[in-house]
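**Student:**
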Amino acid sequence: MLLPITLTLAAACALINFWLAVRCARIRVGAKLLHGDSGNMLLARRMRAHANFIEYTPIVLILFGLVEMAIGAPLWLWIGAMIYVLARIAHGFGMDADKPTAWRAGGALLTWIVMLGLAVAALYVAYGATRAVPAPPAMAQV
1 MLLPITLTLA AACALINFWL AVRCARIRVG AKLLHGDSGN MLLARRMRAH
51 ANFIEYTPIV LILFGLVEMA IGAPLWLWIG AMIYVLARIA HGFGMDADKP
101 TAWRAGGALL TWIVMLGLAV AALYVAYGAT RAVPAPPAMA QV
């Protein structure tokens with residue numbers, strides 16, 4: 001089964017992951033830092049942005065894949081994937097600042113909205129679909 005939304009989103013996430021890693025590596029190479037952040041606050045923020053991406057993306061990709069397998073590729077799912085990608089890029093840029101920024105807050109908020117929306121959609125699909133499925137004959141006699 002081809003999952004165009006999930007495959008596209010996974011490819012975009014791989015590129016974002018690479019971008020976040022390169023942003024950390026550039027500082028490491030420039031400052032000759034092998035481990036940790038050595039007190040470099042920009043590196044610490046960029047490492048945290050990268051870690052935050054890694055914390056959210058697997059469950060979001062799993063939800064996108066399962067929902068897409070269950071219902072196909074509706075426009076709202078494509079839009080959700082685009083919002084997730086833009087949110088994670090915004091969050092990455094927003095984490096560079098010393099203070100809270102609209103980029104960071106907006107990226108985090110949109111990430112949560114997409115994740116919770118997918119969770120609701122998954123529950124709706126799972127329990128909406130089970131009502132339409134008749135009980136197996138062995139269970140119907142119980």
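Residue numbers are given in UniProt numbering: position 130 of the sequence shown equals residue 130, and the series is strictly consecutive.
Positions of the beta carbon are idealized from the N, C-alpha and C atoms, including for glycine.
(1) Classify A25 as buried or exposed, calling it buried when 16 or more other Cβ atoms lie within 10 Å of its own Cβ.
(2) The alpha helix (DSSP H) spanning G80 covers which residue range?
(3) Grab me the residues of G65's own chain with a C-beta within less than 8 Å of its C-beta, minus the 5 sequence neighbours each way, in chain order.
(4) Please go through the same chain and pick out, in chain order, the residues whose beta-carbon is closer than 8 Å to the beta-carbon of G36, but skip the five residues on each side of it.
(5) So is I16 buried or exposed if we call it buried at 16+ other beta carbons inside 10 Å?
**Tutor:** Reading it off the structure:
(1) Its Cβ having fewer than 16 others within 10 Å, A25 is exposed.
(2) From DSSP, the alpha helix (DSSP H) with G80 extends over L75 to G94.
(3) Around G65, the same chain offers L3 and T6 as residues with beta carbons nearer than 8 Å, after the five sequence neighbours per side are excluded.
(4) Shown here for G36: not one same chain residue has a beta carbon closer than 8 Å to its own, the five before and five after excluded.
(5) If you draw a 10 Å sphere on the C-beta of I16, you find 16 or more other C-beta atoms in it, and that means buried.
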